[in-house]
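J.:
Protein chains: 2
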Amino acid sequence: MSDGAQVQKPTVTARRLGLFTQHDVIVVMRRDCPVCRSEGLSPRAHVRLTARGREVYATLYQVDDLIGPHDAALSEEAWQLLGVEEGDPIEVTHAPSLASMSSVRRRIYGARLRPEEIDIIVRDVAHGRYSPIHLTAFLTATSALPFDEAETVALTRSMVDVGDRLTWDSPLVVDKHSVGGLPGNRTTPIIVAILAANGLVIPKTSSRAITSPAGTADTMETLAPVALDVPAMRRVVEQEGGCIVWGGAMRLSPADDIFIRIERVLDIDTEGQLIASVLSKKVAAGSNHVIFDLPVGPTAKVRSPEAAEHLAERLEAVAARFDVAARCVLTDGLQPVGRGIGPALEAREVLAVLQRTADAPMDLRRRACLLAGAALELAKAAPQGQGIRMAEATIDDGRAWAKFQRICEAQGGLRTPPVAPLQAPILAQGPGRVTGINNRRVSTLAKLAGAPDAKAAGLRMNVRLGDEVAPGEPLMVVHAETQGELDYALDYAARHPDMIDVTP
Amino acid sequence: MSDGAQVQKPTVTARRLGLFTQHDVIVVMRRDCPVCRSEGLSPRAHVRLTARGREVYATLYQVDDLIGPHDAALSEEAWQLLGVEEGDPIEVTHAPSLASMSSVRRRIYGARLRPEEIDIIVRDVAHGRYSPIHLTAFLTATSALPFDEAETVALTRSMVDVGDRLTWDSPLVVDKHSVGGLPGNRTTPIIVAILAANGLVIPKTSSRAITSPAGTADTMETLAPVALDVPAMRRVVEQEGGCIVWGGAMRLSPADDIFIRIERVLDIDTEGQLIASVLSKKVAAGSNHVIFDLPVGPTAKVRSPEAAEHLAERLEAVAARFDVAARCVLTDGLQPVGRGIGPALEAREVLAVLQRTADAPMDLRRRACLLAGAALELAKAAPQGQGIRMAEATIDDGRAWAKFQRICEAQGGLRTPPVAPLQAPILAQGPGRVTGINNRRVSTLAKLAGAPDAKAAGLRMNVRLGDEVAPGEPLMVVHAETQGELDYALDYAARHPDMIDVTP
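Those protein sequence lines, which keep their order, are chains S and L.
For the record, in the first sequence the residue sitting at position 395 is 774 according to the numbering used here, with numbers rising by one throughout.
For the record, in the second sequence the residue sitting at position 37 is 416 according to the numbering used here, with numbers rising by one throughout.
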């Protein structure tokens, strides 16, 4: 009936606008642009840009001047994704209607998704066809009526399939993941150093923070470059047995990276989404032996031992579907780990543990050895019950620190974490004993201070559960890079004195 | 602990960027702007702009040139909302953290919301503090686990309270509302004319399309101005007894207008949201006798008589909590009403019914009289069982047409609906009888053709259920204002031949 799809569309001219929008893909065109007029494009239209065989979905904004009537001025994100050069022709049309949103709507109304429906959704997401509104609807709907196991398996598989996959010569590839929610829980660099020093292969890809003040990649970035591509990562692993790199620079489960941006804004991360997110990254990274750290506490992500058992069971069951041997270790999630919260503040404590300095936080060391020990046992590199001791010995004899330095050098050079120029204490109001620490509020405070984007920002805890404090004694010290963020964090602290419970 | 909140913030200078973004509130600043640096503001930060005692929440984008280092360049929406003039000082800070999102998160995880939580959410929404992501999460969560009656009542009340309320001298104020989903169901202008001609007070405020190709306001706008403010609307009602104006130009349930923008993108509109949306507008408009038209059909919004009964019961119960006498009329929702779908195409049929021309669609006339009759009876202006006859008589003796013309004149002058420059038929593939019409696909087709933004766009149905057709006979004619939209619509029609079932 129509040959509309075959019509050669008139093009507009690529212009680099130099507009920084984080991940928003924006194109600006004139209201009197002939293509806008013939296509019936109005402000905020969802459009498809095609150039050099690539296609990108963008939000259209319009102007009456500033650019020429035949120009398409692209935000930096749009410019990078489309890979054009100044003056290239671009075809601009309405984005095709998103058929997979009808699956999302059915899911909103309580229907379960079939694997093939999930597959189309994940493909559309990975190709940038879902706007933040569409992404939010999918994530919220699958949080309100959580994914069942079949959906979780299907989501994991689709998320793996839509990206790249790494393969390794070693038949045994180890990995480790902490379920978030516990500030300062920065064991990964220590564990990688221990395991690699013991001859295991652990090509660790980490994410940046989702809802926390620091992801492993954020922390590690203050110690060494982490944005390695796959060949560079492979060189590091072949040379040292392990690495700690940012997974976002690769295309391992790219849909996950897109989901995470929205989960971060909403501060939600449900069981099914969490499992698919974590396992898709592990499977894509080629891991087959994985240790999961599940901190349990009333203000951690996993709030009760029962919830932890349920998550562990589901995680191990879904992992088995992908031939991954997973073991979950339930850990203490009552209070932050170590003292520092924020990328650089946590990185300094990683160094302290590896270097065995006098001020090294012993709880961080214990956790790292517990998890490294479990991994050594899972990989049969240590006899059952001997894993922790082997891990501790690897730190104590300096092999872990030596290995960590070599890994950092191989990743591009060991760095010194920055120190925040602005620091201000939060003082105890009255005397008493510390009886509770709200991990969520502490995380929020560190984020308001600028973490994780401001690497030096965050806070340092001066107290732990059970400590006695006197009035006017500092409970913690906020670190910030700018006065605005410091003010903002201190204002939040003043409004939430229940962040640290001091019982007289 | 901090006096951060009292610190006098340095300001930036208001610049009008001339950027058309529909409802997106955007501010563009330099990356090296001192305020961005001191506040730690990065691209896509959610910021609060304060000027002249007003505050507006905006998304920050950044540039390296184009504007001065002390400039804050505002999108048109931001410019209007903030009400500044070129060169005014603006204070820019991080948006405060949204405490009410923790209620939304609890709701996502299945907890019910208390009235006071709903109230804070609605206030935050009405003040523009919710981003599209936050709004989507709230709407999706309350669709997946639908609002119960207590939540629906609380939402309705909060949505009324956060806006303005109209009051009328008449103790009896009538209103009418059709639950959407049925293309071409344009009875409102006819009903208002009939009721006002019979001495009832019906100050009708209508919305623009939510998910349909034409809202009543969109259609009416092709016949007369509809963007009246409250004093202008009051003059029309005092003079003529009725009006048909766009409610969005008033502040009646302003949160509803914000929710609707997102529902439109997602194409969702659940029972609780629908009831709160509709009733908050009616209560705010001062109506106390309301007739609801509930079209029922497999591809209408209400799909079964059972679902309609449930909705009717809930609607009437919630209405009673606000002292509104509501009556629901279940109507045939099997196929579009009349022939035209789209603002101008529907407006011409409204005129045909009122003017009693030979080609007036009788189904549109019957529906309007059925609903007007129910309203006359509910308002005790007609004896029980006599309403329809009284309504028909009001059309037949020309009083409805005379009243309609006077209302249009009072609103600013009767207009002639535009005719689309481009028209193309969709042809029957083979011979047979029309056994099904998919309302949703027909609506989508009309929207792809440009409706409702392109007033003349949409389509005209040439067949109704039961009609015999020959191969090559036009089933419908697509109307468009631009070639791009026509192509786009025809392409969709080609891919969905099941839009109209022709059974040999």
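Cβ atoms here follow ideal geometry from the backbone N, Cα and C, with glycine treated the same way.
Bear in mind that the values here come from a model prediction, so they are computed numbers and not experimental data.
According to DSSP, is Pro-494/S part of a helix, a strand, or is it coil?
T.: DSSP places Pro-494/S in helix when its eight states are reduced to three.
J.: Going by C-alpha to C-alpha distance, which of Thr-795/L, Ala-523/L, Met-612/L sits closest to Leu-545/L?
T.: Nearest of Thr-795/L, Ala-523/L, Met-612/L to Leu-545/L, Cα basis: Met-612/L.
J.: Please check the pair Val-407/S and Ala-474/S, which I expect to be a contact at CB under 8 Å, by giving their CB distance rounded to whole angstroms.
T.: With 8 Å as the limit, Val-407/S and Ala-474/S do not qualify as a contact, their Cβ atoms being about 17 Å apart.
J.: Note down, in chain order, each residue of its chain lying with its Cβ closer than 6 Å to the Cβ of Leu-534/S, except the 5 sequence neighbours on either side.
T.: Taken in chain order, the residues that qualify are Ile-497, Ala-655.
J.: Could you check whether Ser-666/S and Val-552/S sit closer than 9 Å to each other, using their CB atoms as the reference points?
T.: Yes.
J.: Do Pro-797/L and Leu-730/L have their CB atoms nearer than 9 Å?
T.: No, Cβ-Cβ distance for Pro-797/L and Leu-730/L is not below 9 Å.
J.: What residues from chain S crowd round Ile-487/L, counting only those whose CB sits closer than 7 Å?
T.: Per Cβ cutoff of 7 Å: Thr-519, Ser-522, Ala-523, Ile-647.
J.: Do you know offhand how far Lys-826/L's Cα is from Val-842/L's?
T.: Distance between the alpha carbons of Lys-826/L and Val-842/L: 19 Å.
J.: Would you tell me roughly how many angstroms separate the C-alpha atoms of Glu-688/S and Ala-696/S, rounded to the nearest one?
T.: Answer to the nearest angstrom: the Cα atoms are 12 Å apart.
J.: Using a Cβ cut-off of 9 Å, pull out every chain L residue sitting near Val-442/S, in sequence order please.
T.: Going along chain L in sequence order, the residues near Val-442/S (Cβ under 9 Å) are Leu-396, Gly-397, Leu-398, Phe-399.
J.: I'd like the span of the beta strand (DSSP E) that includes Leu-439/L, first residue to last.
T.: Looking at the DSSP string, the run of the beta strand (DSSP E) that includes Leu-439/L is 433-442.
J.: Taking 6 Å as the limit between beta carbons, can you name the residues of its chain near Ala-576/L, skipping five residues before and five after?
T.: The residues are Thr-773, Arg-778, Ala-779, Lys-782.
J.: Rounded to a whole number of angstroms, what is the C-alpha to C-alpha distance between Gly-626/S and Val-856/L?
T.: Computed Cα separation, rounded: 52 Å.
J.: What are the boundary residues of the beta strand (DSSP E) that includes Val-553/L?
T.: First-last of the beta strand (DSSP E) with Val-553/L: 553-557.
J.: Which first and last residues belong to the beta strand (DSSP E) in which Lys-583/L is found?
T.: 581-585 is the extent of the beta strand (DSSP E) around Lys-583/L.
J.: Give the residues of chain S in contact with Ser-417/L, contact being defined as C-beta atoms less than 8 Å apart.
T.: Chain S residues near Ser-417/L: Thr-861, Gln-862, Gly-863.
J.: Distance, Cα to Cα, Leu-907/L vs Leu-869/L?
T.: Only positions 380 to 883 of chain L appear in the structure, and residue 907/L is not among them; the question remains open.
J.: Within the same chain, show all residues whose beta-carbon is closer than 7 Å to that of Ala-634/S, passing over the 5 residues directly before and after it, in chain order.
T.: Correct list, in chain order: Val-501, Val-504, Ala-505, Met-538, Val-541.
J.: What three-state label does DSSP hand Val-847/L in the structure shown?
T.: Here the sequence assigns Glu to residue 847/L, which means Val is not the residue at that position. Reduced to three states, the DSSP call for Glu-847/L is strand.
J.: Using CA atoms only, rank isn't needed, just tell me which of Asp-738/L, Leu-724/L, Gly-851/L, Ala-872/L is closest to Ala-799/L.
T.: For Ala-799/L, the nearest C-alpha among the options comes from Leu-724/L.
J.: Using the Cα positions of Ala-596/S and Ser-586/S, report the straight-line distance between them to the nearest angstrom.
T.: Straight-line Cα distance between these residues: approximately 6 Å.
J.: Using a threshold of 9 Å, state whether the C-beta atoms of Ala-393/L and Pro-468/L are closer than that.
T.: Against a cut-off of 9 Å, the Cβ pair of Pro-468/L and Ala-393/L comes out as a contact.
J.: By DSSP's criteria, Leu-838/S is part of a beta bridge. Which residues make up the other side?
T.: Bridge partners of Leu-838/S: Ile-720/S, Val-857/S.
J.: Closer than 7 Å between beta carbons: that is the criterion. Which residues of the region 827-854 of chain S meet it against chain L?
T.: For the region 827-854 of chain S, which is checked against every Cβ of chain L, the residues closer than 7 Å are Gly-829, Asp-832, Ala-833.
J.: I need the DSSP call for Thr-531/S, collapsed to helix, strand or coil.
T.: In the structure shown, Thr-531/S sits in a helix (DSSP, three-state: H, G or I).
J.: Counting contacts by CB-CB distance shorter than 9 Å, is Ala-516/S in contact with chain L?
T.: Taking Cβ atoms only, chain L reaches closer than 9 Å to Ala-516/S, which makes this a yes.
J.: Can you name the start and end residues of the beta strand (DSSP E) that His-513/L belongs to?
T.: Not the beta strand (DSSP E): His-513/L falls in the alpha helix (DSSP H), residues 511-523.
J.: Name, going along the chain, the residues of the region 458-487 of chain L whose beta-carbon falls closer than 9 Å to a beta-carbon of chain S.
T.: Cβ contacts with chain S: Thr-472, His-473, Pro-475, Ser-476, Met-480, Ser-481, Val-483, Arg-484, Arg-486, Ile-487.
J.: Would you please verify whether the beta carbon of Ile-512/S is less than 9 Å from any beta carbon of chain L?
T.: Yes, contact with chain L.
J.: Tell me which residues share the same chain as Asp-702/S and place their Cβ nearer than 8 Å to its Cβ, disregarding the 5 neighbours each side in the sequence.
T.: The residues are Asn-667.
J.: So Ser-557/S contacts chain L; which residues on that side make the cut at Cβ distance below 8 Å?
T.: Within 8 Å Cβ-Cβ: nothing; Ser-557/S doesn't reach chain L, min ~22 Å.
J.: Name the one or two DSSP bridge partners that Gly-621/S has.
T.: Answer by DSSP bridge pairing, in chain order: Ile-581/S.
J.: Who are the neighbours of Val-644/L on chain S, taking C-beta pairs under 7 Å?
T.: Within chain S, the residues near Val-644/L are Ile-512.
J.: At a CB-CB cut-off below 7 Å, which residues of chain S make contact with Ile-641/L?
T.: The contacting residues are Ile-512.
J.: My output table needs one value for Asp-382/S: the three-state DSSP class, helix, strand or coil.
T.: With a pLDDT of 39 at Asp-382/S, under the threshold of 50, the modelled position of that residue is not reliable, and the figure given next carries that caveat. If DSSP states are grouped into helix, strand and coil, Asp-382/S belongs with coil.
J.: Between Glu-847/S, Cys-412/S, Arg-820/S, Leu-844/S, which lies nearest to Arg-874/S when the distance is taken from Cα to Cα?
T.: For Arg-874/S, the nearest C-alpha among the options comes from Arg-820/S.
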